[in-house]
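Contents: one structure, followed by commentary.
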Amino acid sequence: ENMFLCALTDADKINVALLCILHEIGKHVMFYDTINVNKFKMIYTSLMRSLVQDVVDKFTKRLHLFSLKIVELNDDHQLSHEQINET
584 ENMFLCALTD ADKINVALLC ILHEIGKHVM FYDTINVNKF KMIYTSLMRS
634 LVQDVVDKFT KRLHLFSLKI VELNDDHQLS HEQINET
């Protein structure tokens, strides 16, 4: 199910997004605590390009135990169709 969240600056939107991501990850845990990463994709959008790398860094730091691939996609960082499928 899709979700759209908007809030004021410094309202911890990233933490809300992380809770949603963890919930979605929990729905795709398989045997031996592996995650079926082919069953879901998540996109976090930002209007300010300056915040994107900060968000990528925070998500990478907090979700590293799940071995998820977190990448930046914007005008400067293009991804191929194959890279999007791998992410």
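The opening residue of the sequence shown carries number 584 in the numbering used here; numbering runs sequentially from there.
In this text, a Cβ means the ideal position worked out from N, Cα and C, and glycines have one as well.
All values derive from a computational prediction rather than experimental measurement.
Tell me whether residue i sits in a helix, a strand or coil according to DSSP, three-state version.
i	result
residue 654	coil
residue 618	strand
Taking the Cβ atom as the reference point for each residue, do residue i and residue j lie within a distance shorter than 7 Å?
i	j	result
residue 635	residue 629	yes
residue 618	residue 649	yes
residue 587	residue 607	no
residue 638	residue 653	no
Let's test the definition: count the other Cβ atoms within 10 Å of the Cβ of residue i and tell me whether it reaches 16, buried, or not, exposed.
i	result
residue 626	exposed
So, under 8 Å CB-CB, residue i and residue j are touching, yes? Tell me the CB distance rounded to an integer number of Å.
i	j	result
residue 601	residue 632	Between residue 632 and residue 601 the Cβ distance is about 21 Å, and since that is not below 8 Å, they are no contact.
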